[in-house]
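Structure, as structure tokens:
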Amino acid sequence: MAKLALSERILMNIEKPARYIGNEVNIVKKDLANVDIRIAMCFPDVYEIGMSYLGIQILYDMFNRREDTYCERVYSPWPDLDRIMREENIPLFSLETQTPIHDMDILAITIQYEMCYTNILQVIDLSNISIFSKDRTEDDPIVIGGGPCVVNPEPIADFFDIFYIGEGETSYDELLNLYKEYKHSEMTRKEFLIKASNIPGIYVPSLYEVTYNEDKTIKAVKPIMDGVPASIKRQVVVDFENSPYPLKPVIPYIRATQDRVTLEIMRGCIRGCRFCQAGMIYRPTRQKPVELLKEYAKLMIDNTGYEEISLSSLSSSDYENLDELLNYLIKLRDTEHVNVSLPSLRIDAFSLDVMSKVQDIKKSSLTFASEAGTQRLRDVINKGITEEDILNGSREAFLGGWDKVKLYFMLGLPTETDQDLYGIAELAEKISEVYFDTVPKEKRNGRVMINASASYFVPKPFTPFQWAPMILPEEFTRRAYYVKDCFLQQRNKKSLKFTYHDANISILEGVLARGDRRLSAVIYDVYKQGAIFDAWTEYFDIHRYMDAFKRHNIDILFYTTRERSLDEVFPWDHIDAGVTKAYLAREWEQAKKGVVTKNCRSQCMGCGSAVYQGGVCFEAKN
Amino acid sequence: MKLRIKYTKTGVLRFIGHLDIMRLFQKAIRRAKLNVSYSKGFSPHQVISFAAPMPLGMTSEGEYFDGEFDLVTSTADMMQRLNDTLPEGIVVLDIVALPDDAKPSMSIVSASDYIIFRNEECEEDIISRLIEKIDDMNAMPVVEVMKKTKTKEELTNIKPGIYALHEYVKQSPYTEVYDKAIYMMLASGSILNLKPELVIEALCKQAGITYNRYNYRVHRLETYMGERTSLQSLGTVGKHF
Ligand code: SF4
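Just so you know, the sequences run in chain order A and B. Heads up: the first sequence begins at 0 in numbering that gives the first Met the number 0, then just goes up one per residue. Heads up: the second sequence begins at 0 in numbering that gives the first Met the number 0, then just goes up one per residue.
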């Protein structure tokens, strides 16, 4: 057992010391004498969140399959420990061997949401690594960023030596081989980075220069020297079926947010909702064969002892052998006492039947991601769900015994009018009417509850809405109040509830998502003012950001409410995500006309992702 | 069949809380493919129950839980299967089959014995200085310490809960190596419960040392049932199989 980095006194004085002691079941142990490359893999949020994230488990497993490499984990120390580490000068350490991160070769950070940017600085800083990549020396680890946020890594470009764009399964081997060469030769850090920039998917931000127009928009992002590629191609695992999968995931002692086996059945989404970044940047859709998934499910349950299994994908209903897979899992439920949790299923007779077998109907609710209140607006966003689908699904569900429905909406979608807002309340009302029409009085126990909630729409890069303006926070609040009023006008208002999210975090997401390199200074500034754990409302302070924007002369409306012209150069234009800008622009135009686009299985719309030579683009089409 | 399982919790696992240890065993039992019984109902759970909950920071080589099993093999086989899958720091030491009328371990615990040794971050002679005061304390008819409850703080006489107190000269195979240690047998359970920390605190008072919880490591040796005069370890009621 490794000696712990933290003392008894510290561990007994902080919340959940188990976050920091490692030694979990299924961790990888290696003889350091036989290891050449040491990687610290970081999820910059608290342990319980980070441990729930499949991507880290995939990379941890993949890196450790290499004999010459030892990958360990590190998470953000919670504010209680953060304070002690700063006061007592304790360097951040890895969980497995409790080694200071600064002694590692590589610090790889996965970036899942914008609100963890200050935590990235926390991790780098506590590791005693210079925060700005330009200040790092040959003795510092190489800091690599990956994950969905790095399709636009510009706001955090100054803090990273390398970004890995896309899925980790493809280019890491080549990068690690190059690293080894660098480590054992006279090659300088700079030379290493230049060579690395030629590996597919590797973006070295310091090798690119950004120039600006007078109106503050971007003129160009160009390599600063020859031999550095002008554009970086997002990596995609084409042979998804045979890509490594962690069948023996590390099991945390303390309850993680996802306390279960996660089975990734499909990557990507065929639907093409126009607001959804994941639906665009994981193209093309690829699925794993059902026989393989059955085998994985059984193996992972055996290897972990978890009592629950959940499917991971953007839209499980689109998995082609879902019936067979679910029937198998239901069988496992009976023989192995495994609960099955089913996220993202379309509500229909089949899914209701499955759900009735695996959930306690009285306790669970049905979820419809309607996103918009009227068919017109659903067509604008290309959300392929109709009022009829929702009402029919609800009817079936009410007959099956459910009496709670959840509805998700976004406010501030492009072209949204008050009529669309009224539509939200009207839809909720209609669902409640379906309940009263279908369920006879004597069978009603308690009251039907329709819970609608709305979030603040944030346009994301690499979506058709990347050109769209975000609405002002005052307007968001007005719309939210308006919807609330509309709910009060409904006949069954006692069965309806409307809530909406806090606007502050979305405003910031709006700035950072489509931000550029000029924002690095602001992020550094707010971090220096004490910002960490911004994704946690109890720690997030919008004023800290607003003051910093002011100090740096940044008008946030430039990033949020401004409608971009079709020919504007975006900060992320040098990243080639597969979907082309031309396709996205076409979709933006169609959106404004309210014309829907077919899904990849019905008709290919030529989005550009076929260049990867795999997935749904090459499935036999009828 | 009802089994009683004895296990250790040592090393860095002292920072894992009681509920998490329960969850750890639930998973380990499944990985070991033991035929534990499940409750009926919509979300069935394993029929297992733990004896005394262990505070964070304490290690032990005398912990117990009871479990109901649909099928059993043998003591040796079940121990082996569990130990093959348990993390470093937890070892199953024994499994016995309980008679049908055995009471749950949680309800019968009456005493525990512990050893106390120095945490490596504190001064070297601290335990020796406490040992010097043991005879004095054993001679005192009343030993008073401040006991904190949720609502108030009051002077309490802990003497009735101290069944034995002396120096410990053996080395436990389940702890880090120490040069000096104190042994104490204390009342525990629902009738009378005395935490070892309070005894250390009382010794510190005698020795004129400011009490600091983090200077000491507490390690449980065994959990007992029965009257003070006839204590037996929780495992003695069962049989190997
Ligand atoms: S190329 Fe066609 S089939 Fe492939 S992801 Fe794009 S739209 Fe879908």
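A virtual CB, placed ideally from N, CA and C, is assigned to each residue, including glycine. Here the structure is a predicted model, which is why all the values come from computation and not from measurement.
Counted within 10 angstroms of its Cβ, other Cβ atoms place residue i as buried (16 or more) or exposed
i: D160 of chain A; result: buried
i: N381 of chain A; result: buried
i: D359 of chain A; result: exposed
i: V141 of chain B; result: exposed
i: A348 of chain A; result: exposed
i: D333 of chain A; result: exposed
i: S75 of chain A; result: buried
i: D178 of chain B; result: exposed
i: I199 of chain B; result: buried
i: F41 of chain B; result: exposed
i: F397 of chain A; result: buried
i: R13 of chain B; result: buried
i: K440 of chain A; result: exposed
i: E71 of chain A; result: buried
i: N552 of chain A; result: exposed
i: R443 of chain A; result: exposed
Between the CA atoms of residue j and residue i - distance to the nearest angstrom
i: N621 of chain A; j: G271 of chain A; result: Unreliable positioning characterises N621 of chain A in this predicted model, as indicated by a pLDDT of 38, which lies under 50. A coordinate reading is not provided.
i: Y605 of chain A; j: M545 of chain A; result: Here residue 605 of chain A is Gly; the residue named in the question, Tyr, does not match the sequence. Cα-Cα distance, rounded: 41 Å.
i: S129 of chain A; j: L328 of chain A; result: 49 Å
i: A590 of chain A; j: N491 of chain A; result: 33 Å
i: I28 of chain B; j: G304 of chain A; result: 8 Å
i: A32 of chain A; j: K179 of chain A; result: 15 Å
i: L518 of chain A; j: K189 of chain A; result: 24 Å
i: A502 of chain A; j: V457 of chain A; result: 11 Å
i: L291 of chain A; j: D554 of chain A; result: 52 Å
i: E62 of chain B; j: V108 of chain B; result: 11 Å
i: F240 of chain B; j: T84 of chain B; result: 21 Å
i: L230 of chain B; j: P159 of chain B; result: 16 Å
i: E153 of chain B; j: C203 of chain B; result: 18 Å
i: M114 of chain A; j: F548 of chain A; result: 16 Å
i: P283 of chain A; j: I100 of chain A; result: 36 Å
i: D214 of chain A; j: K221 of chain A; result: 19 Å
i: E335 of chain A; j: L324 of chain A; result: 16 Å
i: W587 of chain A; j: I57 of chain A; result: 35 Å
i: Y481 of chain A; j: G400 of chain A; result: 32 Å
i: D322 of chain A; j: S315 of chain A; result: 11 Å
i: S505 of chain A; j: Q374 of chain A; result: 25 Å
i: L174 of chain A; j: M299 of chain A; result: 30 Å
i: F239 of chain A; j: N118 of chain B; result: 51 Å
i: I157 of chain B; j: I38 of chain A; result: 52 Å
i: L310 of chain A; j: G49 of chain A; result: 18 Å
i: K149 of chain B; j: T155 of chain B; result: 15 Å
i: N63 of chain A; j: D436 of chain A; result: 58 Å
i: E168 of chain A; j: K32 of chain B; result: 33 Å
i: G593 of chain A; j: P154 of chain A; result: 33 Å
i: S608 of chain A; j: S230 of chain A; result: 16 Å
i: Q465 of chain A; j: V357 of chain A; result: 39 Å
i: K1 of chain B; j: E67 of chain B; result: 5 Å
CB-CB length for residue i against residue j, believed under 8 Å
i: I26 of chain A; j: E95 of chain A; result: 6 Å
i: I181 of chain B; j: I114 of chain B; result: 7 Å
i: D104 of chain A; j: I36 of chain A; result: 5 Å
i: L344 of chain A; j: V337 of chain A; result: The pair is not a contact, with the Cβ atoms about 18 Å apart (cut-off 8 Å).
i: A424 of chain A; j: P460 of chain A; result: Not quite, the Cβ-Cβ distance comes to about 32 Å (not below 8 Å), so this is no contact.
i: R259 of chain A; j: I201 of chain A; result: R259 of chain A to I201 of chain A, Cβ: 34 Å. No contact.
i: E60 of chain B; j: L220 of chain B; result: 6 Å
i: L23 of chain B; j: Y252 of chain A; result: 6 Å
i: P468 of chain A; j: R377 of chain A; result: Between R377 of chain A and P468 of chain A the Cβ distance is about 20 Å, and since that is not below 8 Å, they are no contact.
i: G10 of chain B; j: G88 of chain B; result: 4 Å
Counting only runs that start and end within the region 252-313 of chain A, where is the beta strand (DSSP E) found for 3 or more residues in a row?
260-263 and 307-311
Run through the region 58-111 of chain B for me and flag every whole alpha helix (DSSP H) of 4 or more residues, listed as ranges in chain order.
74-84 and 104-107
Any beta strand (DSSP E) of 3 or more consecutive residues that is wholly inside the region 215-257 of chain A
217-222
Length at least 4, wholly inside the region 556-604 of chain A: the alpha helix (DSSP H) runs in chain order:
580-592
Along the chain, which unbroken stretches of the beta strand (DSSP E) at least 3 residues long are found entirely within the region 122-170 of chain A?
141-145 and 161-163
At 4 residues or longer, what runs of the alpha helix (DSSP H) sit wholly inside the region 337-363 of chain A?
Runs of the alpha helix (DSSP H) spanning 4 or more residues and lying entirely within the region 337-363 of chain A occur at 348-357, in chain order.
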